[in-house]
Amino acid sequence: MEKEIIKVRDKKFVTYLSSDDIQSQIARMADTINVAYEGKNPLFIGVLNGAFMFASDLLQKITIPCEITFVKMTSYEGINTSGNVRQLVGLAESIEDRHIIILEDIVDTGLTMAKAKNDLAAQNPASLEIATLLFKPDCIKEDIPLRYVGFEIPDKFVVGYGLDYDGHGRNLQDIYQLKDD
Ligand code: 5GP
Numbered sequence: 051m052e053k054e055i056i057k058v059r060d061k062k063f064v065t066y067l068s069s070d071d072i073q074s075q076i077a078r079m080a081d082t083i084n085v086a087y088e089g090k091n092p093l094f095i096g097v098l099n100g101a102f103m104f105a106s107d108l109l110q111k112i113t114i115p116c117e118i119t120f121v122k123m124t125s126y127e128g129i130n131t132s133g134n135v136r137q138l139v140g141l142a143e144s145i146e147d148r149h150i151i152i153l154e155d156i157v158d159t160g161l162t163m164a165k166a167k168n169d170l171a172a173q174n175p176a177s178l179e180i181a182t183l184l185f186k187p188d189c190i191k192e193d194i195p196l197r198y199v200g201f202e203i204p205d206k207f208v209v210g211y212g213l214d215y216d217g218h219g220r221n222l223q224d225i226y227q228l229k230d231d
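For the sequence shown, the working numbering puts the final residue at 231, and the numbers step up evenly by one.
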């Protein structure tokens, strides 16, 4: 793959995962899900904003009956020492007795997904799994099982394919890694 250097806002990034690699890996994830969830009518829950491209491309490769909805994890400064308090918002559907697959762009410390999973588990789904396109194993702090992982990546900031830097770069087809100077 030809390495391309691009600028997003004030930072330089270098090509890391090509669009072709991303699409092939998503196809493999979809194949596995199609087999595992046959006859279960899964409900996919995409986490906005970052997972919108992943959710769209994965769903186009799901061939079994399914549904999709989207939520947001709002983030605000808490008054306790743990700092960031997150809350899952925007879920209109009942998920009781449903087979749920959360679609996330990237799991870093795992705190966001731990909270999302906790909030959803309270509503008694039949099953609850996470599919994440990217996973940074070196950063994980919460012990959460990730059922479907696209790529394990090093602890470096990435942008593109739905992931942003300061609101920018979500539109890029490839995924780029922050360039060391
Ligand atoms: P966690 O709660 O797992 O630490 O963080 C998950 C969230 O942090 C992701 O949904 C994403 O918004 C953000 N994040 C973590 N690492 C990266 C990264 O390398 N690039 C971008 N653009 N966002 C990241």
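Cβ coordinates follow ideal geometry from the N, Cα and C atoms, glycine included. Quantities reported herein were computed from a predicted structural model and do not represent experimental measurements.
Since residue i and residue j are thought to touch, with beta carbons under 8 Å apart, how far apart are those beta carbons, to the nearest angstrom?
i, j, result
"L93", "R148", "5 Å"
"V208", "Y66", "6 Å"
"L170", "I150", "6 Å"
"L183", "G160", "Rounded, the Cβ-Cβ distance is 15 Å, inconsistent with contact."
"G212", "G100", "5 Å"
"P115", "N91", "5 Å"
Just verifying my parser: in three-state terms, what is the DSSP assignment at residue i?
i, result
"Q75", "helix"
"R59", "coil"
"I190", "coil"
"L170", "helix"
"A86", "helix"
"L67", "strand"
"F104", "helix"
"D155", "strand"
"A176", "coil"
"K111", "coil"
"L141", "coil"
As a quick exercise: from the options, pick the residue whose alpha carbon is nearest that of residue i.
i, options, result
"F309", "K57, I156, C189", "Nothing can be reported for residue 309: it is not among the residues displayed for the chain, which extend from 51 to 231."
"R59", "G217, P204, D231", "G217"
"K165", "V135, L98, D158, N84", "V135"
"I118", "L138, Y226, V139, I152", "I152"
Query - Cβ contact check for the stretch 100 to 110 and the stretch 67 to 82: 3 or more pairs under 8 Å - result: yes
Query - At least 3 beta-carbon pairs within less than 8 Å: the stretch 167 to 182 vs the stretch 137 to 148 - result: yes
Report task. Decide yes or no for the touch test of the stretch 118 to 125 against the stretch 183 to 194: beta carbon pairs closer than 8 Å, at least 3 of them. Result -> no
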